[in-house]
Amino acid sequence: MSDSRRMLRIGAAQLGPIAKDESRKEVVERLVALLTDAASKGVELVVFPELALTTFFPRWYTEDVSGHDEYYERSMPGPETQHLFDEAKRLGIGFALGYAELTPDGDRYNTTILVERDGSIVARYRKVHIPGHSEDEPWRLFQHLERRYFQESDEGFPTWKAFGGIVGMATCNDRRWPETYREMGLQGVEMILIGYNTPIHYAPDPGQNALQGFHNHLCMQAGAYQNGTWVVGVAKGGTEEGVESLAQSAIIAPSGQIVALAVTTGDELIVADANLDWCKQYKDTLFNFDTYRRPELYQRITNQKGVIIND
Ligand code: ING
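Going by this note's numbering, the first residue of the sequence shown is number -14, and it counts up by one from there.
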């Protein structure tokens, strides 16, 4: 086994709730506080959650799809986020940031960008698996209208060389799907950055409520292990506008083990020293794709969408 060590100090910057009336400026100050704390601890890359700049607005229905446009970013950096970029560059720390993106063409995506230590945006990921529903369902305690306010990305799961390794991103619901991790695993990914907003109450099947914490770690730990990659899962947790969301942010090693775990439901930084060469111990052995995979037998995964039951 290789005894080389490519070390990266990673921080997961969990956020507590963001109130509806909290200004972008106030939120950016919270992000900068976490970033400054991270920099003082020698962190090189800090990961913020999904939709980290505002309250989780898809829980409210508006008849007009543009009814929530105030929550979207039209440029990145923009007027309120420039301060975060400036501070990160000054501190020499990189970050991943989730936000609602409104493009000049009027497209809406649930987006995450990766910013290098020199302040340059090196990667952009748009959420692929958009959960919830698109029409008003007032019977729910609260709604999950992501399918109204975000388009499905057609860009898939790219990876990028950054921070001395191979980096990929995914967003919230993406983390529950094995294809997310394997698409990046097949590109040799060494760290997958995942932000999430997961309400504890799941309206279609409240029996799952008590299992939210288990399912969160189950899918990310499996994805890490089965692809020999680090996974950084970062929550916006706590009770936001009356909706309780899962915290339990975690940094997961290629072994599938959790090496750092948030203990609060608020703004909290957790840190781990990630040896990127640890990935090889899984990628070159048990999960040596080149030797052991049988893609010719996996055709249904890309040729078929739903279940087809044989006669
Ligand atoms: N959230 C949820 C998740 O997968 C979801 C999905 C949909 C929860 C509907 C509750 C109701 O954790 C996000 N942000 O993808």
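Glycine included, each C-beta is placed from N, C-alpha and C at the ideal position.
Residue i - DSSP class collapsed to helix/strand/coil
i       : result
Ala188  : coil
Met(-8) : strand
Gln284  : coil
Gln(-1) : strand
Trp263  : helix
Leu178  : strand
Asp258  : strand
Thr270  : coil
Arg111  : strand
Leu246  : strand
Ala209  : helix
Thr276  : helix
Gly218  : strand
Gly223  : strand
Same chain only: Cβ atoms within 7 Å of residue i, ignoring 5 sequence neighbours per side
i        : result
Gln197   : Thr183, Ile185, Leu231
Ala188   : Arg125, Leu126
Phe135   : Arg93, Tyr94, Asn95, Lys112, Ile115
Met(-14) : Confidence at Met(-14) is low in this model, with a pLDDT of 47, below 50, so its placement is unreliable and no value can be given for it.
Glu122   : Gln128
His53    : Phe42, Thr47, Tyr134
Range of the contiguous beta strand (DSSP E) that encloses residue i
i      : result
Ile236 : 235 to 237
Glu229 : 228 to 230
Ile151 : 150 to 156
Val31  : 30 to 32
Nonlocal neighbours in the same chain, by C-beta distance under 6 Å from residue i, ignoring five residues either side
i      : result
Glu253 : Gln(-1), Ala247
Asn212 : Tyr166, Gly170
Residue span of the alpha helix (DSSP H) that contains residue i, given as start and end
i      : result
Val13  : 9 to 25
Arg167 : 163 to 170
Sequence-distant residues of the same chain with beta carbon closer than 8 Å to residue i, five excluded per side
i      : result
Ile151 : Thr144, Trp145, Gln172, Gly173, Val174, Glu175, Met176
Start-end ranges of the beta strand (DSSP E) lying completely within the segment 39 to 100, minimum 3 residues: Counting only runs of 3 or more residues that sit fully inside the segment 39 to 100, the beta strand (DSSP E) segments are 79 to 87, 93 to 100, in chain order.
Complete alpha helix (DSSP H) runs within the segment 115 to 146 (minimum length 4 residues, chain order): Here the runs fully enclosed are 131 to 134.
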